[in-house]
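**Student:**
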Ligand SMILES: Nc1ncnc2c1ncn2[C@@H]1O[C@H](COP(=O)(O)OP(=O)(O)OP(=O)(O)O)[C@@H](O)[C@H]1O
Ligand SMILES: [Mg+2]
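Protein chains in written order, with my numbering: chain H, 252 to 725; chain G, 2 to 445.
1) Could you give the distance in angstroms between the alpha-carbon of residue 267 of chain G and the alpha-carbon of residue 178 of chain G?
2) Could you pull the start and end residues of the alpha helix (DSSP H) that residue 424 of chain G belongs to?
3) At a threshold of 7 Å, does residue 490 of chain H count as lining ligand 1 (C-beta to nearest heavy atom)?
4) Can you tell me where the alpha helix (DSSP H) holding residue 402 of chain G begins and where it ends?
5) In chain H, which residues lie less than 7 Å from residue 133 of chain G when you measure between Cβ atoms?
6) Are residue 68 of chain G and residue 663 of chain H closer than 8 Å when you measure CB to CB?
7) Return the first residue and the last residue of the alpha helix (DSSP H) that residue 491 of chain H is part of.
8) Helix or strand or just coil, what does DSSP make of residue 595 of chain H?
9) In this structure, what does DSSP give as the bridge partners for residue 431 of chain H?
10) With 16 as the cutoff for other CB atoms within 10 Å, does residue 133 of chain G come out buried or exposed?
11) Suppose you measure from the CA of residue 217 of chain G to the CA of residue 176 of chain G; what does that come to, to the nearest Å?
12) With a floor of 4 residues, list each alpha helix (DSSP H) that falls wholly inside the region 535-589 of chain H, ordered by position along the chain.
13) Using a cut-off of 9 Å between C-beta atoms, extract the partners of residue 319 of chain G located in chain H.
14) Going by DSSP, name the residue or residues bridged to residue 268 of chain H.
15) Give a single yes or no on whether residue 347 of chain H has its beta carbon closer than 7 Å to a heavy atom of ligand 1.
16) Counting C-beta neighbours from all protein chains within 10 Å, is the total for residue 404 of chain G 16 or more, i.e. buried, or is it exposed?
17) Would you kindly report the start and end of the unbroken alpha helix (DSSP H) that includes residue 36 of chain G?
18) Can you pull the chain H neighbours of residue 45 of chain G, defined as C-beta to C-beta under 7 Å?
19) Taking the alpha-carbon positions, what's the residue 315 of chain G to residue 307 of chain G distance?
20) Under 8 Å by Cβ, that's how I've got residue 535 of chain H and residue 286 of chain H pegged, so tell me the actual separation to the nearest angstrom.
21) Unbroken alpha helix (DSSP H) runs of length 4 or more, entirely within the region 167-218 of chain G: which are they?
22) Can you find at least 3 beta carbon pairs, one from the region 318-331 of chain H and one from the region 344-352 of chain H, that sit closer than 8 Å?
23) Step through the CB atoms of chain H and report whether any lies within less than 8 Å of the CB of residue 68 of chain G.
24) For residue 319 of chain H versus residue 311 of chain H, is the C-beta spacing smaller than 8 Å?
25) If you measure between the beta carbons of residue 391 of chain H and residue 559 of chain H, is that distance less than 8 Å?
26) Along the region 135-159 of chain G, what residues have a CB closer than 8 Å to any CB found in chain C?
27) Would you say residue 274 of chain H and residue 464 of chain H are within 8 Å of each other, going by their C-beta atoms?
28) Indicate whether residue 470 of chain H and residue 455 of chain H have their beta-carbon atoms separated by less than 8 Å.
29) Is residue 297 of chain H near ligand 1, judged by its Cβ being under 7 Å from some heavy atom?
30) Give the range of the alpha helix (DSSP H) segment to which residue 366 of chain G is assigned.
31) Can you find a C-beta in chain G that's less than 8 Å from the C-beta of residue 437 of chain H?
32) So residue 106 of chain G and residue 342 of chain H are in contact, right, with Cβ under 8 Å, and what is the actual spacing, rounded?
33) Counting only C-beta atoms, is residue 161 of chain G closer than 8 Å to chain H at any point?
34) Would you check whether ligand 1 has a heavy atom nearer than 7 Å to the C-beta of residue 273 of chain H?
35) Is residue 262 of chain H a contact residue of ligand 2, with contact defined as CB to any heavy atom under 7 Å?
36) For residue 10 of chain G, go through chain H and note every residue whose CB falls closer than 8 Å to its CB, in chain order.
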């Protein structure tokens, strides 16, 4: 684990939760122990992860995103995953229509004109992250009315050790103490489990985090409030950006039907407009059954507007949607489980708003499986907010501890624990003889304690006691 | 857990000799546990950490050891080997994607149709990281992005289940040629053909496909195998080899013509493929020693059966003959015996009749000897009355009594003695109720 420096004294802390994505980020705090997602000065709770510079002025969030049309070269996007990586292992695809990542002695940087005048600067991805995090912290501080000093940040499960170190360092540079990095799917589970109406149950959960540039799925065993990852899968093909592309191609073709030989995808500016409006249309289709696509001067000064209905969208996006189903089925198999073993499916990430994706997933699970998405469950939380909420909850849980204490408590000597492979239980009588009733579910960390009340037999059993074998812990 | 589950079913009864402490009875043993990492998140983890640590501080050694023990959930991408890239392949034009080997482009030549979706995604990612044109441009290279487009095309095909099947249908590099007769004769017959059918099995709609097996396979297995393959239901199709249909609206006739031509070509190729498979099966089964052996065994079994049947028939016939003879003999003997019996009884009857006649003569003679119990000359009426009574007594007694009476009378000459015998006989018969009082009074 990385050096966290001296840290902030628990009494001086003001801690928040951060979901730091490649596409969007969110910040949340807790008020009276319940999480609140904070809107920035633009009123956005999903804050695009971008920085853009015009005349030395720094823009972020949706303001920066709007600048992709006329200022792409000085706009940095989709940089989060680059943190702590070397140039040879990054995928620059999503930076194509913005500032391109470069290799500077193995580390990654962007060349941008970030000052009013003079030469363009070469800024490392670490510095970009620091600047962006500073903006997030500022928004949070403005909302809370107190300087935010610390945060719990949610990261993908495959965020490597170097990436974690780099993120902690970038935060430190932004005067932000990272209390803990937690895995994104666990943050989402915690967001649901911390609801006042939630009951503590042993269950197997699939968390499908469908984002903008990636989709990550995890199988989590939840046992007595302790969470264990059983399997994960990551996909960089099927995610929100791919759905944007489906719509971009659709609208470009429609445009070309009226304007032969003018392909809006071939001009950088037109492409940027096409992309921005396609994403907006896509989001609108999550709520309405029709959405409007309208761009002034899409290409060669020609305005373009048309409507698309949801069914049409679902047809052209079918392949991507089916990809999500296969991804989820795959990770369940990887965990050596069956869809019948899954008690709960949590859909998280912006793309999870899409009704068809949720209903497709609903269809591969038995009716007994709860599928938590806005369109399948009225009690679902906003999938875009889960990770920030979970991180905020964790922040409020641990902010009173010394950072040394947190570090000691989260290291493998504490977290690596024996988990039973098969259920332990008692035999009870039923119509067809003796029936096994599990008391402790498989994949439960030991030692564990569970209480079960079982009737005593009618005869021959005064004071009968059932007892599982003890498995020595760690 | 905060709340306890309640189970309404009762526990089984304990054995009567159960004594709480020593008789702990585990129902099953517990499978070995796995080292996993619990997520250091949430209120319940805080409690766990408190328990685990007891204010203890762990050393760096503890950490490293614990980390090594934990089962890895995230796969180390670095450890995957990579296939060398053929320089010729890197020169490919993306527009020629139809003729490109998508598996080779992604470095999956070894796996082909066996590659999982996960493998394809990983392979794709690896290639993107290596060949992304923006990265090359950033590093000052002015290479074109043709190969990158090849990668994208390969992934598009292989990640689309429909397109992938179309490509797999014509992926000749995944084919395994049937062995020549010479190769098969070298003793590798089963291994070589197994490989052929394993590769061919990828086209089967029905999975899993029965295995070719080896010289130890049973007749059922071999029959099952050939039955399956002679009725093979294949998803193989040939649209991947279609000729391009013009995309413009101008030449509709030309378009329709091309479509028809393609449809016919597909049909023809499919038919050819079916024939190919059938021929291959014929060839394989002709050389299949197992089939020959099973046939010989079947023949031997058939002969054995025939032989056994004949023997059984012969035996049955013989048995029937013996039985018949025995029956005839028994019947004859019975008949002879019956005849002698008949004769014997006839003789006996005659003897008895004669004896009876003789005895009756004795009876009658006795009264004559006693002069019909008359003092002087017996009157005819007296004679008649005495003889009638003799007749009456005779009628009341059977042959044996007649004989007994005769033996008593035999040799007697004195009238009183004779009379005495008769009167006691009459008395006996009156006592026995065979004669009424006063009957045969002439003899009494
Ligand atoms: N209401 C909506 N309907 C459909 N898609 C949406 C909606 N809201 C957001 N999205 C899409 O979700 C994606 C962003 O997801 P999320 O906020 O989880 O981003 P992220 O975690 O930063 O993603 P990543 O790190 O994978 O790039 C974008 O593609 C966005 O267009
Ligand atoms: Mg995300």
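C-beta atoms are modelled at their ideal positions from N, C-alpha and C, and glycine is treated no differently.
**Tutor:** Taking the geometry as given:
1) Per the coordinates, the alpha-carbon of residue 267 of chain G lies some 22 Å from the alpha-carbon of residue 178 of chain G.
2) 416-432
3) yes
4) Counting along the chain, the alpha helix (DSSP H) containing residue 402 of chain G begins and ends at 400-410.
5) 342, 343, 344
6) yes
7) 491-509
8) strand
9) Looking at the DSSP output, residue 431 of chain H bridges to H:403.
10) buried
11) 26 Å
12) Fully contained in the region 535-589 of chain H are the following alpha helix (DSSP H) runs of length 4 or more, in chain order: 561-567, 569-585.
13) Per Cβ cutoff of 9 Å: no residues; residue 319 of chain G is ~59 Å from chain H at best.
14) H:279, H:403
15) Flag unset: Cβ of residue 347 of chain H not near ligand 1.
16) Residue 404 of chain G comes out buried.
17) Per DSSP, residue 36 of chain G belongs to no alpha helix (DSSP H); it is in the beta strand (DSSP E), 35-38.
18) 475, 476, 477
19) 12 Å
20) Contact flag wrong, Cβ pair sits at about 27 Å.
21) 190-201
22) yes
23) yes
24) Against a cut-off of 8 Å, the Cβ pair of residue 311 of chain H and residue 319 of chain H comes out as no contact.
25) Going by C-beta atoms, residue 391 of chain H is not nearer than 8 Å to residue 559 of chain H.
26) No chain C appears in this structure, whose protein chains are H and G.
27) yes
28) yes
29) yes
30) 290-370
31) yes
32) The C-beta distance from residue 106 of chain G to residue 342 of chain H rounds to 17 Å, too long to meet the 8 Å contact threshold.
33) Closer than 8 Å to some Cβ of chain H, the Cβ of residue 161 of chain G qualifies, so yes.
34) yes
35) no
36) Residues of chain H with a Cβ closer than 8 Å to the Cβ of residue 10 of chain G are, in chain order, 679, 680, 681, 686, 688, 705, 706.
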